[in-house]
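*Asks:* One structure, pasted below without further comment.
2 protein chains.
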Amino acid sequence: MKIACILADGFEDSEFRVPYDRLKAAGFEVVIIAEKEGQELVGKQGKERVRSDRSIDTAIVEDYDALFIPGGYAPDKLREDPRFVGLVAGFDDAQKLIATICHGPQLLLTADRVRNRTMTAWSTVQVDLRRAGANVVDREVVVDDNLLTSRKPDDLDAFSSEFIRQLEARAGEQRPSQPAT
Amino acid sequence: MKIACILADGFEDSEFRVPYDRLKAAGFEVVIIAEKEGQELVGKQGKERVRSDRSIDTAIVEDYDALFIPGGYAPDKLREDPRFVGLVAGFDDAQKLIATICHGPQLLLTADRVRNRTMTAWSTVQVDLRRAGANVVDREVVVDDNLLTSRKPDDLDAFSSEFIRQLEARAGEQRPSQPAT
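Protein sequences, first through last, are from chains A and B. Positions in the first sequence are counted from 1; adding 951 to them yields our numbering. Positions in the second sequence are counted from 1; adding 951 to them yields our numbering.
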């Protein structure tokens, strides 16, 4: 399975690195999508420097099984750009898994995908989501249909485990050789 | 007249500096309030380093005529802290002028003071405000009763001029020797 990760400068270093490494170790392909292909992206702590694999201009929902949006300052930059907001909406329209943490759910808010959804986020973003009509809960991981959300770096272990569990469950559903129960 | 300016690390350098200098030059006193008294605060561009005059623990609405909230990353930190959110609500309850730019209106959102108010903010924050029931307009300066809002560093000249104009108008109203028209 192939996962799209949308990224800009100022991402929260650990919120990219921990799930990224866990996903790769579990055998998933993760494609980093930024404004430009081959763009160097620097984390807000300056600890992580990564290069994007693709430009948002060549990113289409059909190529991926899930979307991953790390937190930090990056989401506020990404949600300025209708191409990233459109991609997020496209994953949701296709009912594909969207896993996001901390400030990442701001992109769901801009894409108008939070009303009546049960979710969590960074404490300050929880307020914005609640005012936008989301059912906000303060738990380390929240799954509502195709949305998987967490709050902060402390939640990363639970977030990464649940992310992989959800991908494996969806892989199971897709497999045509799956025996009927 | 005395203006309270609430600040944390990561404020947008120019959005503090330009109005601060303009207010001082116009004869207003500006008191920088942060978590701690004497705390050094660094702008997100690293160009401005300022020291706070007071701790939020000793800040009371009655001591000030207006509130100034610069943008950048600082507002997202300040709105995590109920003491700053409470101060903002206090200025609004007292119908005192609140002048804020860029991400600053996030504090008004957390303080639940945006429903049916006409205002502006940084483009991404405009979405959050609209979903929270504000009447959002995309103009360089918006005045609605005691709220004065602007969008970004490019708006700073208009923001600072209108800030001073509003303070002078309010000073005129307060002055008992003001001749009746």
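Glycine included, C-beta positions come from ideal geometry on N, C-alpha and C.
#1: Are the CB atoms of B/Ile954 and B/Phe1019 nearer to each other than 8 angstroms?
#2: Could you run through the segment 1038-1069 of chain A and flag, in chain order, every residue whose CB is less than 9 angstroms away from some CB of chain B?
#3: Need the endpoints of the alpha helix (DSSP H) that A/Ser1101 sits in, please.
#4: Kindly list the residues whose CB is nearer than 8 angstroms to the CB of A/Glu1031, restricted to its own chain and excluding five residues on each side of it in sequence; keep chain order.
#5: I need the boundaries of the alpha helix (DSSP H) containing B/Thr1075, first residue and last residue.
#6: Can you tell me whether DSSP reads B/Gly1023 as helix, strand or coil?
#7: Which whole-angstrom value describes the C-beta separation of B/Pro1033 and B/Gly1055, a residue pair presumed to lie in contact below a C-beta threshold of 8 angstroms?
#8: Give a yes or no on contact between the segment 1009-1024 of chain B and the segment 982-1001 of chain B, applying the rule of three or more CB pairs nearer than 8 angstroms.
#9: Considering only the beta carbon of each residue, do B/Val1065 and B/Gly1037 sit closer than 8 angstroms?
#10: Identify which residue in A/Ser1003, A/Val1078, A/Phe979 has its Cα closest to the Cα of A/Ala985.
#11: B/Glu991 by DSSP, collapsed to three states: which one?
#12: Just list the alpha helix (DSSP H) runs in the segment 1005-1050 of chain A, keeping only unbroken ones of 4 residues or longer that don't cross its boundaries, in chain order.
#13: With a cut-off of 8 angstroms on the beta carbons, I'd call B/Leu1058 and B/Met1070 a contact; round off their distance for me.
#14: CB A/Leu1107 to CB A/Glu966, shorter than 8 angstroms?
#15: Looking only at its own chain, which residues have a Cβ that is under 7 angstroms from the Cβ of B/Glu1113, when we skip the five neighbours before and after it?
#16: If you follow the beta strand (DSSP E) that A/Asp964 is part of, which residue opens it and which one closes it?
#17: Measure the beta-carbon distance from B/Ile957 to B/Leu1060 and round it to whole angstroms, keeping in mind my assumption that it falls under 8 angstroms.
#18: Quick check on the DSSP output: the beta strand (DSSP E) that includes A/Arg1002 runs from which residue to which?
#19: Please compile the residues from chain A whose C-beta is within a distance smaller than 7 angstroms of the C-beta of B/Arg1030.
#20: Find out if the Cβ-Cβ distance for the pair B/Ala1017, B/Lys1047 is shorter than 8 angstroms.
#21: In the DSSP assignment, what residue or residues form a beta bridge with B/Cys956?
#22: Would you kindly report the start and end of the unbroken beta strand (DSSP E) that includes A/Asp1106?
*Replies:* Let me lay it out:
#1: Within the second sequence, the letter at position 3 stands for residue 954 of chain B. Within the second sequence, the letter at position 68 stands for residue 1019 of chain B. Yes, the pair counts as a contact, with Cβ atoms nearer than the cut-off.
#2: Residues are counted here when their Cβ sits less than 9 angstroms from a Cβ of chain B; for the segment 1038-1069 of chain A these are His1054, Gln1057, Leu1060, Thr1061, Asp1063, Val1065, Arg1066, given in chain order.
#3: Counting from 1 along the first sequence, the entry for residue 1101 of chain A is found at position 150. From DSSP, A/Ser1101 is part of no alpha helix (DSSP H) but of the beta strand (DSSP E) over 1098-1101.
#4: Sequence index remark: in the first sequence, residue 1031 of chain A carries index 80 (1-based). Excluding its 5 nearest sequence neighbours in each direction, A/Glu1031 has no C-beta neighbour in its own chain below 8 angstroms.
#5: The sequence position of residue 1075 of chain B within the second sequence is 124, counting from 1. Run containing B/Thr1075: 1074-1082, per the alpha helix (DSSP H) assignment.
#6: Position 72 of the second sequence holds residue 1023 of chain B. It is a strand residue.
#7: Within the second sequence, numbered from 1, the residue matching residue 1033 of chain B stands at position 82. Within the second sequence, numbered from 1, the residue matching residue 1055 of chain B stands at position 104. No, B/Pro1033 and B/Gly1055 are not in contact; Cβ-Cβ is about 18 angstroms, not under 8 angstroms.
#8: With the cut-off at 8 angstroms, the segment 1009-1024 of chain B and the segment 982-1001 of chain B touch.
#9: What you label residue 1065 of chain B is simply residue 114 of the second sequence in a count that begins at 1. What you label residue 1037 of chain B is simply residue 86 of the second sequence in a count that begins at 1. Cβ distance not < 8 angstroms, so B/Val1065 and B/Gly1037 don't count as in contact.
#10: Taking the first sequence and counting its residues from 1, the one referred to as residue 985 of chain A is at position 34. Ranking the options by Cα distance to A/Ala985, first place goes to A/Ser1003.
#11: As a working mapping, residue 991 of chain B is identified with position 40 in the second sequence. Note: B/Glu991 maps to strand in three-state DSSP.
#12: The segment 1005-1050 of chain A contains these whole alpha helix (DSSP H) runs: 1025-1029, 1033-1044.
#13: Here the question's residue 1058 of chain B lines up with position 107 in the second sequence. Here the question's residue 1070 of chain B lines up with position 119 in the second sequence. B/Leu1058 to B/Met1070, Cβ: 12 angstroms. No contact.
#14: As a working note, residue 1107 of chain A is residue 156 in the first sequence. As a working note, residue 966 of chain A is residue 15 in the first sequence. The Cβ atoms of A/Leu1107 and A/Glu966 sit closer than 8 angstroms to each other.
#15: Indexing the second sequence from 1 puts residue 1113 of chain B at position 162. Sequence-distant partners of B/Glu1113 (beyond 5 residues in either direction) whose C-beta falls short of 7 angstroms from its own C-beta, in its chain, are Val1092, Val1094, Leu1099.
#16: The residue given as residue 964 of chain A occupies position 13 in the first sequence. Premise fails: A/Asp964 lies in the alpha helix (DSSP H), 964-976, not in any beta strand (DSSP E).
#17: Numbered from its first residue, the second sequence carries residue 957 of chain B at position 6. Numbered from its first residue, the second sequence carries residue 1060 of chain B at position 109. Under the criterion of beta carbons closer than 8 angstroms, B/Ile957 and B/Leu1060 do not qualify as touching, at roughly 15 angstroms.
#18: In the first sequence, the residue the question calls residue 1002 of chain A occupies position 51. For A/Arg1002, the uninterrupted beta strand (DSSP E) segment begins and ends at 1000-1002.
#19: Along the second sequence, read from residue 1 onward, the residue named residue 1030 of chain B stands at position 79. For B/Arg1030, the C-beta contacts it makes with chain A under 7 angstroms involve Thr1075, in order along the chain.
#20: Numbered from its first residue, the second sequence carries residue 1017 of chain B at position 66. Numbered from its first residue, the second sequence carries residue 1047 of chain B at position 96. Yes, these two residues count as a Cβ contact at 8 angstroms.
#21: Numbered from its first residue, the second sequence carries residue 956 of chain B at position 5. Bridge partners of B/Cys956: B/Ile983, B/Phe1019.
#22: Working through the first sequence from its first residue, we reach residue 1106 of chain A at position 155. Counting along the chain, A/Asp1106 falls outside any beta strand (DSSP E), and DSSP gives it neither H nor E.
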